[in-house]
Amino acid sequence: MGKMWIANLPPEATDDEIDEFLQKYGFPSFDSIERVPGDGSRPAAILDYPSLTDDLLRRLQPRVNDVAWREKKLFVSVGLPSRPEPK
Numbered sequence: 004m005g006k007m008w009i010a011n012l013p014p015e016a017t018d019d020e021i022d023e024f025l026q027k028y029g030f031p032s033f034d035s036i037e038r039v040p041g042d043g044s045r046p047a048a049i050l051d052y053p054s055l056t057d058d059l060l061r062r063l064q065p066r067v068n069d070v071a072w073r074e075k076k077l078f079v080s081v082g083l084p085s086r087p088e089p090k
């Protein structure tokens with residue numbers, strides 16, 4: 004299962020609008036989306052693609068990374084950001 008992280012989403016963008024935007028750039032529909040809470044300045048989401056591998060998502064990722072959408076420059080990475088191990 005592939006996972007993709009998108010940061011700096013427009014705060015008003017709905018899940019369906021995000022899906023439509025990505026489909027315009029050749030992505031299939033994601034299976035699920037998890038909104039990542041934050042301070043509101045740079046909303047993010049984690050998208051699940053059960054039928055795609057991380058490798059395939061890495062090939063698609065440049066199509067939308069650093070693309071401006073609704074006056075927001077998107078930051079896209081494949082997989083989940085690493086978190087430090089708890090002590």
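Residue numbers for the sequence shown follow this note's numbering, so the first one is 4 and each next one is one higher. Backbone N, C-alpha and C fix where the C-beta goes; we use that ideal spot for every residue, glycine too. Here the structure is a predicted model, which is why all the values come from computation and not from measurement.
Query                                                                                                                     : Result
Close-in-space but distant-in-sequence residues of the same chain around Ala47 (CB under 7 angstroms, 5 per side omitted) : Trp8, Ile9, Ala10, Leu12, Val39, Gly41
Buried/exposed call for Tyr28, threshold 16 Cβ in 10 Å                                                                    : exposed
Cβ-Cβ separation, Asp34 to Pro139 (assumed contact under 8 angstroms), whole Å                                            : Examination of residue 139 is not possible in this model, given that the chain is present from 4 through 90 alone.
Under 8 angstroms between C-beta atoms of Val79 and Val67                                                                 : yes
DSSP state of Leu12 mapped onto helix, strand, coil                                                                       : coil
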